[in-house]
Amino acid sequence: MISNCEVGLARASEAGRIALLSRAAIEHGLAWSWTPQRVLKSVRDAATNAIVARDGGHLLGFAIMKYGDTDAHLLLLAVDYARRRRGVGSALLAWLEVTVRTAGIETIRAEVRAGNLPALAFYRRHAFERQRVLRGYYQGVDDAVVLAKRMCAA
Ligand SMILES: CC(C)(COP(=O)(O)OP(=O)(O)OC[C@H]1O[C@@H](n2cnc3c(N)ncnc32)[C@H](O)[C@@H]1OP(=O)(O)O)[C@@H](O)C(=O)NCCC(=O)NCCS
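Residue numbers (our numbering): 746 to 899.
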């Protein structure tokens, strides 16, 4: 684990860096849809948590999750390439899982590009289960694997 890793709500001033990390780590090969403006909307949306992991002033990673009544949708999760496999993604997910449990939400849903083996391994490690494949989900370029994690009562 990175010693000074601190997880918390994203600031509006971090929207640009989050959007750049989304483009590089998640949206490569696709049109850039999570622009700074869209990320900023999520930062300000009451039904969404945009969170970051920071090491001092450095952005290590981020996640964006939208909350419904019974399920939560993990829209984005990414860690800076140079900081992977050091527990940052797990720390972001753990923070979100606390909020999900507190809210009494039953299920977390996520989608992953079908060829994204590291992310599939990450979610498997965190007890997400494969639900189905959505053909062409990513702008007709890539299929998505839909994953879900049932949350146990606290
Ligand atoms: C998926 C991602 C967020 C994981 O973040 P991370 O900080 O590297 O993950 P962690 O260090 O917390 O990994 C936890 C466990 O997940 C599994 N895992 C993570 N990356 C893996 C990889 N590349 N290969 C195999 N298993 C992996 C391992 O079991 C790992 O535990 P270990 O390191 O003790 O073996 C990161 O790889 C990433 O940003 N990928 C690009 C963006 C992306 O694909 N996002 C998901 C879809 S939105």
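By construction, the Cβ of each residue, glycine as well, lies at the ideal position given by its N, Cα and C atoms.
Assigned with DSSP and collapsed to three states, Thr793 falls in strand. Comparing alpha-carbon positions, the option among Tyr826, Phe807, Thr793 lying closest to Glu759 turns out to be Phe807. Thr847 and Tyr812 have their C-alpha atoms spaced approximately 12 Å apart.
Taking one beta carbon from each stretch, the segment 841-857 and the segment 810-824 have 3 or more pairs nearer than 8 Å; the two touch.
Not one heavy atom of ligand 1 sits closer than 7 Å to the Cβ of Asn749. Nearest Cα to Ala839 within the set Tyr883, Tyr826, Tyr868, Pro863: Tyr868. Relative to ligand 1, the nearest heavy atom lies less than 7 Å away from the CB of Phe867. Excluding residues up to 5 positions away in sequence, Arg768 lie with their Cβ nearer than 6 Å to the Cβ of Trp777 in the same chain.
In terms of side-chain proximity, the C-beta atom of Leu822 is found nearer than 7 Å to a non-hydrogen atom of ligand 1.
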